[in-house]
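**Q** For the sequence shown, the positions run 1 to 246 when the UniProt record's numbering is used. Backbone N, C-alpha and C fix where the C-beta goes; we use that ideal spot for every residue, glycine too. Everything numeric in this text was worked out from a predicted model, so none of it was measured. Structure provided below as structure tokens; questions to follow.
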Amino acid sequence: MIRACLFDLDGTLLPLDTDRFIEVYLRELAPYVAHVIPPDQLIPSIWRATRAMIEDEDPEKTNEEVFRHHFLSLTGLKKESIWPLFEQFYRERFPRLKKHVQPTDLARQVVQAALDRGCRVVVATNPVFPRVAIQERMRWAGVDDLPFEWVTYQEETRYCKPRIEYYRDIVDRVGLKPEECVMIGNDMQEDMVASTLGLSTFLVTDFRIDRGHPAYSVDQQGSLSDLLRAIRNGEGVFSRTPVRPA
């Protein structure tokens, strides 16, 4: 029986073109900290530190710790000279990026439908952003006040997608078996890899990402509207969800 729905955020609950959004995000961030680090050093350093974070295998370090270590090593900066600026950017400027996304009422309806069926819910977003940025995007999606069991923030997770350890951590955190969970996302490589751990999968196709390889098993797929109907009607993998008594 499916007892938990794991929802990706970007491109799934929050419709957006991920590559385009990251481009805009970096373009806004660079001038904000240019008096400390020039853009031609900042942006490559962010990418390299992010890659190191994604590839890291150390179970003792959070993603935030790995990113910070590599970023500061690459740039030669001290934490106190740059991190307060990052934090200020997320508070003051990041919210303005909402104009570059396409929120839909379907996101909240989908999560609420899962809750109505008696499922526990998790935001399983790739934790390459800090808590403040993820919470802001959850607000854009209109789901920030819903009772998620866990949100995979950079500060609280130890692995990133597509590492299978990322999904194992979520399953362990909610105290369920992999076969009791379904991963819902738009990325064939980063989200559907959950199937190799035994999770069921639903591929959301509105902003589908597929790099071609590797390809993974997909139990169900369709638009966000299709997902809503499948959950409400108990179709496919959702036929195995508990239903709360009326």
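Once you ignore the five residues that flank C5 on each side, which residues in its own chain have a CB closer than 7 Å to its CB?
**A** A114, C119, V121, V182 and I184
**Q** Residues bridged to F89 by DSSP?
**A** In the DSSP output, where bridge partners are listed per residue, F89 has none listed.
**Q** Out of E156, K99, P95 and H100, point me to the one whose CA is closest to V123's CA.
**A** E156
**Q** Go through its chain and collect everything with a Cβ distance to P245's Cβ below 8 Å, but skip five positions before and after it.
**A** Unreliable positioning characterises P245 in this predicted model, as indicated by a pLDDT of 49, which lies under 50. The coordinate reading is nonetheless provided below. Here the set comprises nothing.
**Q** Roughly how many whole angstroms lie between the Cα atoms of F7 and G76?
**A** 37 Å
**Q** Nearest-angstrom Cα distance between P39 and K78?
**A** 17 Å
**Q** Rounded to a whole number of angstroms, what is the C-alpha to C-alpha distance between D10 and M188?
**A** So the alpha carbons of these two residues sit roughly 13 Å apart.
**Q** Curious, which full-length beta strand (DSSP E) runs of at least 3 residues does the segment 80-142 contain?
**A** Correct list: 120-123.
**Q** Might you give, ordered along the chain, the residues of its own chain that have their beta carbon closer than 7 Å to the beta carbon of I164, omitting 5 neighbours on each side?
**A** V193, T196 and L197
**Q** How about P214 and L199: are their beta carbons less than 8 Å apart?
**A** Result no, Cβ atoms of P214 and L199 do not sit closer than 8 Å.
**Q** Considering only DSSP beta bridges, list what G185 is partnered with.
**A** DSSP lists L203 as partners of G185.
**Q** How should K98 be labelled, buried or exposed, when 16 other C-beta atoms within 10 angstroms of its C-beta is the threshold for buried?
**A** K98 counts as exposed, since fewer than 16 other C-beta atoms from the protein chains shown sit within 10 angstroms of its C-beta.
**Q** Please determine, among V151, F129, R93 and I134, the residue with the shortest C-alpha to C-alpha distance to L29.
**A** R93
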